[in-house]
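The block underneath contains the structure these notes are about, expressed in structure tokens.
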Amino acid sequence: MKPTVLMFILLSLLLKTAAAQDADPKEIIRQMDQTMRGESSYAEMTMTIERPRYTREVSIRSWALGNTHSMILITAPARDEGTTFLKRDNEIWNYVPGVDRTIRMPPSMMAQSWMGSDFTNDDLVRETSVIDDYTHELLREETVDGRQAWVIRLVPDPDAAVVWGHVLMWICQTDFIQLRVENFDQRGELAQTILFDDIRTLGGRTLPGRLTVIPADRDQKTVLQYRELRFGIREGEDFFTQRNMQRLR
Numbered sequence: 137m138k139p140t141v142l143m144f145i146l147l148s149l150l151l152k153t154a155a156a157q158d159a160d161p162k163e164i165i166r167q168m169d170q171t172m173r174g175e176s177s178y179a180e181m182t183m184t185i186e187r188p189r190y191t192r193e194v195s196i197r198s199w200a201l202g203n204t205h206s207m208i209l210i211t212a213p214a215r216d217e218g219t220t221f222l223k224r225d226n227e228i229w230n231y232v233p234g235v236d237r238t239i240r241m242p243p244s245m246m247a248q249s250w251m252g253s254d255f256t257n258d259d260l261v262r263e264t265s266v267i268d269d270y271t272h273e274l275l276r277e278e279t280v281d282g283r284q285a286w287v288i289r290l291v292p293d294p295d296a297a298v299v300w301g302h303v304l305m306w307i308c309q310t311d312f313i314q315l316r317v318e319n320f321d322q323r324g325e326l327a328q329t330i331l332f333d334d335i336r337t338l339g340g341r342t343l344p345g346r347l348t349v350i351p352a353d354r355d356q357k358t359v360l361q362y363r364e365l366r367f368g369i370r371e372g373e374d375f376f377t378q379r380n381m382q383r384l385r
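Take the sequence shown: its position 79, counting from 1, is numbered 215 in my numbering, and each next residue is one higher.
Listed below in structure tokens is the structure:
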């Protein structure tokens, strides 16, 4: 290799490393959150729960207004149809049509399985904020499925109601979307991995169309597939009410 070529490669690597070091990890997380969440959105999804002895599908409609308001409606299977989850600020409610009852979900339930899947209640209603409830550290750069990504370590603040001991996120440098997440328990052991793929245009943005949650110690997974996604919905705060939970279909 000619000296000039070698010097060019070394200079490129140094510039790339310097750029990575100058990047603000919290700002990267903020841009990722804005890209994937937006100010408001509506989505239709299919969640497939895969277990060694069975596979179960759940159809979902969801509405979100920033990170303070969200509504999730189960439309199938028939036994769960009409089940609704509501988040307003720090309050989370669950409506069960079979008993016609609305209950408030305490913080202790955030770590529990959501609808028998590998998602937790916190994953779906996002009681915690990846921006405000963590400190962020840029560790390195890696390539994920051909996309250059920042690897950022998130450590929860001491007073944050966070399930995990720490989190690693792979954020695409081009589109600011999540490519991979690894959640670690309080002992520092890997608890689950979330893969983001089927990247395509959704709601006018380049986004992952599929999320796959894989527990570290079990032969199972949960796949969440987007069928439709729209940003900039008309529903305001008055849509996200306990009364409306019982009306949605």
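Yeah, the Cβ is synthetic: ideal placement off N, Cα and C, and Gly gets one too. Given the structure is predicted, the values throughout are model-derived calculations rather than measurements.
Beyond the five residues adjoining it in sequence on each side, ARG240 comes within less than 6 Å, by CB distance, of TRP229 in the same chain, given in chain order. For PRO351, the enclosing beta strand (DSSP E) stretches over residues 341-351. No Cβ-Cβ contact shorter than 9 Å links THR329 with VAL359. Here DSSP, grouped into helix, strand and coil, assigns MET251 to coil.
Taking all protein chains shown into account, TYR190 has fewer than 16 neighbouring C-beta atoms within 10 Å of its C-beta and is therefore exposed.
For ASP333, the uninterrupted beta strand (DSSP E) segment begins and ends at 326-338. Inter-residue distance for VAL194 and LYS357 is about 14 Å (C-alpha atoms, whole angstroms). Per DSSP, the continuous alpha helix (DSSP H) segment holding PRO161 begins and ends at 161-173.
The beta carbon of TRP250 sits closer than 7 Å to those of THR256, ASN257, ASP259, LEU260, all from its chain and outside the five residues before and after it, given in chain order. If you ignore the 5 residues before and after PHE367, its C-beta comes within less than 6 Å of the C-beta of GLY174, SER177, GLY339, all in its own chain and listed in chain order. Annotation for ASP225: THR204 place their beta carbon closer than 6 Å to its own, counting only its chain and skipping 5 residues before and after. Per the C-alpha coordinates, the member of ARG370, LEU384, VAL287, PRO294 positioned closest to PRO161 is VAL287.
In this structure VAL317 is buried. Its beta-carbon is surrounded by 16 or more other beta-carbon atoms within 10 angstroms. Checking the DSSP bridge columns, you'll see VAL280 partnered with ARG283. Of the candidates ASP236, ALA297, PHE312, ILE335, ALA297 places its Cα closest to the Cα of PRO243. For MET381, the enclosing alpha helix (DSSP H) has its first and last residue at 378-381. For ASN319, the secondary structure class from DSSP, reduced to helix, strand or coil, is strand. The C-alpha of ASN319 lies about 31 Å from the C-alpha of ILE369.
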